[in-house]
Every structure is written in structure tokens, then in C-alpha cells.
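Asks: Going by this note's numbering, the sequence shown opens with residue 52, and the numbers climb by one from there. Structure incoming, see below.
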Amino acid sequence: MTSSTALRRASVVVAVTFLALLVAAGLRSAPSVLMLPLEQNFGWDRATISFTSAIGIFLYGLVGPFAAALMLSFGIRRVMMTGLALMAGATFLSQWMTQSWHYLLTWGVLSGIGSGAIASVLGAAVVNRWFATRQGLVMGLLSASTATGALVFLPVLAWLTRDGDWRPVVLAVSLACLALVPLVALFVPEHPGDVGTTRFGETPESAPPRLKQAATPGLALTALARASRSPTFWLLFGTFFVCGLTTNGLVGTHLIAYCGDHGIAPLAAAGLLSTMGLFDLVGTTGSGWLTDRYDPRRLLFMYYGLRGLSLLALPFLDFGPASLAVFAVFYGLDWIATVPPTVALTNRAFGEREAPIVFGWILVGHQLGAATAAFGAGLIRESAGTYAPAFLVAGFTALAAALASLETGRHAQRKGVAEAG
Numbered sequence: 052m053t054s055s056t057a058l059r060r061a062s063v064v065v066a067v068t069f070l071a072l073l074v075a076a077g078l079r080s081a082p083s084v085l086m087l088p089l090e091q092n093f094g095w096d097r098a099t100i101s102f103t104s105a106i107g108i109f110l111y112g113l114v115g116p117f118a119a120a121l122m123l124s125f126g127i128r129r130v131m132m133t134g135l136a137l138m139a140g141a142t143f144l145s146q147w148m149t150q151s152w153h154y155l156l157t158w159g160v161l162s163g164i165g166s167g168a169i170a171s172v173l174g175a176a177v178v179n180r181w182f183a184t185r186q187g188l189v190m191g192l193l194s195a196s197t198a199t200g201a202l203v204f205l206p207v208l209a210w211l212t213r214d215g216d217w218r219p220v221v222l223a224v225s226l227a228c229l230a231l232v233p234l235v236a237l238f239v240p241e242h243p244g245d246v247g248t249t250r251f252g253e254t255p256e257s258a259p260p261r262l263k264q265a266a267t268p269g270l271a272l273t274a275l276a277r278a279s280r281s282p283t284f285w286l287l288f289g290t291f292f293v294c295g296l297t298t299n300g301l302v303g304t305h306l307i308a309y310c311g312d313h314g315i316a317p318l319a320a321a322g323l324l325s326t327m328g329l330f331d332l333v334g335t336t337g338s339g340w341l342t343d344r345y346d347p348r349r350l351l352f353m354y355y356g357l358r359g360l361s362l363l364a365l366p367f368l369d370f371g372p373a374s375l376a377v378f379a380v381f382y383g384l385d386w387i388a389t390v391p392p393t394v395a396l397t398n399r400a401f402g403e404r405e406a407p408i409v410f411g412w413i414l415v416g417h418q419l420g421a422a423t424a425a426f427g428a429g430l431i432r433e434s435a436g437t438y439a440p441a442f443l444v445a446g447f448t449a450l451a452a453a454l455a456s457l458e459t460g461r462h463a464q465r466k467g468v469a470e471a472g
């Protein structure tokens with residue numbers, strides 16, 4: 052099997068995975084569009100709606116390490132199909148909701164669990180299974196799917212709510228999730244060997260033996276127990292907490308409402324997020340390319356530092372078209388750019404086989420930070436009447452994460468956490 056054939060096979064898997072991650076990102080961004088229509092239709096306050104967003108965001112992360120373990124046990128394809136089906140079913144059922152707990156159950160709990168199986172851990176698992184080289188570049192491309200999800204979905208979803216009706220949004224998201232199930236079934240082989248090839252950049256002689264992992268979710272806890280003995284794990288966990296707090300938890304959930312406080316229509320605000328998504332597609336893919344060539348710690352220092360400065364500047368802008376456009380470009384370029392260097396440091400410290408599970412636990416930190424911001428910013432808005440304090444706090448925490456990143460992975464070893472401890 053030639054290298055070009057291996058690349059072609061791997062590229063198809065990456066393309067379908069990109070679409071699945073894109074749809075999951077679209078689902079997780081939808082509550083930012085639903086916030087105002089739900090407030091107007093049901094009279095729910097901002098804190099109640101934000102709490103559901105926080106639960107969905109947190110479960111999106113918490114499920115990650117267990118999903119990664121199940122990918123080793125039951126297979127990537129089965130986990131992807133199950134997650135997509137759960138996302139489709141949960142969002143479809145929500146069209147009949149009448150109480151806030153219905154929203155919590157469908158968009159918080161069930162869709163959070165389903166989307167957790169279609170998260171960054173999926174990208175890490177696919178990259179490690181199908182690529183021996185260019186891992187940073189491919190991980191950057193898959194990470195950019197989150198931004199692309201916002202780019203594709205937010206303007207469409209905002210347009211669907213133009214008359215104040217939220218039901219077209221839930222139907223659109225449900226159908227998008229359902230449409231991916233047959234694509235995964237047809238075009239995602241479980242292993243390169245199943246289609247007579249190897250990982251791209253690997254020869255048959257150098258390919259590692261294919262191991263069968265015991266089918267137990269306890270594998271996720273075992274990996275956590277080993278990883279938690281390493282300072283590298285806690286530094287990555289902490290900085291990724293800040294990453295979540297300063298991205299989808301705050302900006303992804305509340306920027307549309309923040310713009311609304313300044314008289315900007317939801318459709319225009321969604322367009323702003325889409326602009327960020329467009330530039331993040333470039334920035335995160337570029338981050339993957341840089342990760343293959345430069346020290347990931349220094350990249351993280353730069354990304355968190357620039358993000359912190361942009362968040363500190365936002366409350367002092369006039370929210371005019373020019374200033375918001377500058378913010379969208381500056382912030383958007385490194386929105387998800389932290390993922391490729393974080394995955395690279397995880398691979399280096401914990402080994403390629405266990406790294407997707409460990410990264411799943413690090414992603415829990417990301418989503419815990421995102422949930423904290425999603426709920427906390429809503430509370431701040433209710434009590435202070437403005438989102439400005441939330442953005443200032445987020446900016447300072449990003450600067451702290453920039454400094455902490457320089458220590459991350461300093462003692463990482465390629466042979467796994469056992470050597471680090």
C-alpha cells in the first residue's frame with residue numbers, strides 16, 4: 052500500500068470526522084442564539100438559561116475521557132454514531148418543551164452527553180490512529196472545526212430565529228446530527244489495517260502491534276490515576292480550564308447577548324462570531340503547522356497572552372462596526388489555537404496510545420472553565436447589569452495562563468507518565 056493511498060484513506064476519515072466535530076460545535080453554539088428567544092417566549096431569566104448552557108458545556112467535557120476509553124474498547128465508529136444519534140434525538144425532543152427543566156434535560160444533559168462523544172478527544176483519537184507524521188497540522192485542522200461550526204451554523208440559526216421562534220433552530224440542529232450517522236457508518240473504518248493500509252507516514256514494518264483493549268469505562272479512571280501523578284497533567288488541566296473560561300463559556304455563550312446590551316441585533320452579533328470563526332479556521336490550522344515545528348509551550352504563552360489582551364480591551368470599545376471587526380480578527384485568530392500544542396504536550400508526556408484518554412481529562416478542565424464562565428457571566432449580568440466585569444476577569448486569567456504555560460511539559464517524557472513520576 053503506497054503512501055498516497057494511506058493519505059487518501061486517512062483524508063476521508065479526517066473529512067468525515069471534521070463534519071461530525073463541526074455539527075457538534077454547531078449544537079453547542081446554538082444556545083447562544085436560543086437565549087433571547089427563550090427569554091421572550093417563556094419568560095425564563097438569563098441565569099436559568101445560562102445554567103443549562105453550563106451543564107451542557109460541562110458534560111461535553113466530562114464525557115470526553117470515558118468516550119476516549121470506549122473508542123479503544125468498542126471502536127471510534129460506534130462511539131461516533133451513538134453520540135450523533137443521541138444529539139439528534141435530544142434536540143428533536145426539545146421542540147415540545149414547555150418548562151425550564153425540559154430544556155435542561157434535552158439541551159443540557161442529553162445533548163451534553165452526546166456531544167461529549169464528538170469532541171476534541173475524537174480528533175485526538177483519529178489523529179493518533181491514522182497519522183504517524185503531520186499530527187499537529189491535522190489536529191489543528193480538526194480543532195478548527197469548532198470555529199467552522201460557528202461560522203456555518205450561527206448565521207443560519209440566527210436567521211431562523213428572525214421572527215422570535217426557536218423551534219426551527221432545534222429542528223435544523225437535529226437533522227444535521229442525524230445526517231452524519233450514515234456517513235460515519237460508511238466512511239470511517241475502525242483501523243487502517245481494516246482497509247489494507249497503515250498510518251500515514253508509517254511503513255508496515257514500523258507499525259505498532261494492534262492491541263485489543265478490555266471493554267471497560269474504568270480504563271478512563273485508570274489513566275487519570277496515572278496521569279494525576281504528573282505535574283504536567285495539572286498544568287495542562289489548569290491552563291485548559293482558562294481556555295474554556297475565555298472561549299466557548301464566555302464569548303461563545305454570551306457575546307451575542309453582550310452585543311444586544313449595546314443595541315446590536317442578534318443576526319449582526321452572530322455574524323461577528325462567524326467572522327471570529329473564519330479567522331480561527333486560519334489561526335488554528337496555522338497553529339497545528341507551527342506545533343509541528345516549534346516549542347508548544349512558547350506557542351501557548353503567545354496564544355493565552357494575546358487572548359487576554361483582547362478580552363481586557365473589549366469592555367472599553369465603543370461597540371461600533373470598526374472596533375468590533377478589529378476584536379473579531381484579533382480574538383478569532385487564536386480562539387481554538389491552544390488545542391494543537393496542548394495535544395502535542397499530552398502526547399509527549401503520556402504516550403500516543405493513552406494520550407487521547409488523558410487529553411479527555413484535560414478537556415474536562417476546559418469544559419469546567421467554560422461552564423463556570425457560562426453560568427458565572429450570566430449571574431454577573433443579572434447582578435451588575437453588564438457583562439464588563441466578566442470579560443475583565445477572563446482577560447486577567449488568560450494572562451496568568453500565559454505565564455503558567457511556560458512551565459507546562461518541562462518534564463514531559465515520551466514514554467509515558469510512569470517515567471514522569
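We treat Cβ as the ideally placed atom computed from N, Cα and C, and that holds for glycine.
#1: If we count Cβ pairs, one from each stretch, closer than 8 Å, do we get three or more for the segment 365-382 versus the segment 134-153?
#2: Report the residue ranges of all alpha helix (DSSP H) runs contained in full by the segment 162-239; include only those spanning at least 4 residues, in chain order.
#3: What does the alpha-carbon distance come out to for the pair residue 110 and residue 377?
#4: Is there a Cβ from chain D that is less than 8 Å from the Cβ of residue 369?
#5: Could you tell me the boundaries of the alpha helix (DSSP H) in which residue 412 lies?
#6: On the criterion of 16 or more Cβ atoms from any shown chain inside 10 Å, does residue 286 qualify as buried, or is it exposed?
#7: Using CA atoms only, rank isn't needed, just tell me which of 114, 412, 145, 302 is closest to residue 80.
#8: Suppose the cutoff is 8 Å on Cβ atoms and the five residues either side in sequence are ignored; what does the same chain contact list for residue 126 look like?
#9: If I follow the unbroken alpha helix (DSSP H) through residue 340, where does it start and stop?
#10: Measuring straight from C-alpha to C-alpha, what distance separates residue 215 and residue 91?
#11: Tell me, to the nearest whole angstrom, how far the beta carbon of residue 343 is from that of residue 115; I am working on the premise that it is less than 8 Å.
#12: Measure from the alpha carbon of residue 361 to the alpha carbon of each residue in 279, 205, 410, 445, then state which is nearest.
#13: Secondary structure at residue 266, three-state DSSP: helix, strand or coil?
#14: In or out: residue 147 buried (at least 16 other Cβ within 10 Å) or exposed?
#15: Tell me whether residue 117 sits in a helix, a strand or coil according to DSSP, three-state version.
#16: Please return the same chain residues whose Cβ sits closer than 8 Å to the Cβ of residue 265, not counting the five positions on each side in sequence.
#17: Are the Cβ atoms of residue 235 and residue 131 separated by less than 8 Å?
#18: Thinking C-alpha only, which one of 98, 85, 66, 399 is nearest residue 423?
#19: Can you tell me the Cα-Cα spacing of residue 61 and residue 207, whole angstroms?
#20: Could you tell me the alpha carbon to alpha carbon distance between residue 459 and residue 348, rounded to whole angstroms?
#21: Just checking my contact of residue 19 with residue 195 at CB under 8 Å: how many whole Å lie between their CB atoms?
#22: Which ranges would you report for the alpha helix (DSSP H) in the segment 352-405 if only whole runs of at least 4 residues count?
#23: Do the segment 275-284 and the segment 175-184 touch if we need at least three Cβ pairs shorter than 8 Å?
Replies: In short, the structure shows the following:
#1: When Cβ pairs closer than 8 Å are counted between the two stretches, the segment 365-382 is seen not to touch the segment 134-153, the count staying below three.
#2: Within the segment 162-239, the complete alpha helix (DSSP H) runs of at least 4 residues are 162-167, 171-181, 186-211, 218-238.
#3: Rounded to the nearest angstrom, the two C-alpha atoms are 33 Å apart.
#4: Although the question refers to chain D, the structure presented lacks it and comprises just one protein chain.
#5: Element bounds for residue 412: 406-435.
#6: By the Cβ neighbour-count rule, residue 286 is buried, with 16 or more other Cβ atoms within 10 Å of its own.
#7: Taking the Cα of residue 80 as reference, the smallest distance to any Cα among 114, 412, 145, 302 is reached at 302.
#8: Same-chain partners within the cutoff: 241.
#9: Residue range 317-342 is occupied by the alpha helix (DSSP H) that includes residue 340.
#10: In this structure, the alpha-carbon of residue 215 lies about 8 Å from that of residue 91.
#11: Actually they do not touch by this definition, with Cβ atoms about 24 Å apart.
#12: Closest option to residue 361, Cα to Cα, is 445.
#13: Because residue 266 carries a pLDDT of 47, less than 50, the predicted location of this residue cannot be relied on, and the following value inherits that uncertainty. Note: residue 266 maps to coil in three-state DSSP.
#14: Per the 10 Å Cβ criterion, exposed.
#15: Residue 117: helix per DSSP, three-state reduction.
#16: Low per-residue confidence applies at residue 265: pLDDT is 49, beneath 50, and the placement is therefore not dependable enough to give any value.
#17: Yes. Within cutoff.
#18: Comparing Cα positions, the closest option is 98.
#19: Rounded to the nearest angstrom, the two C-alpha atoms are 30 Å apart.
#20: If I take the Cα positions, the gap works out to 6 Å.
#21: There is simply no residue 19 to check, as the chain begins at 52 and stops at 472 in what is shown.
#22: 372-383, 390-401, all fully within the segment 352-405.
#23: Pairwise C-beta distances place the segment 275-284 out of contact with the segment 175-184, as fewer than three of them are shorter than 8 Å.
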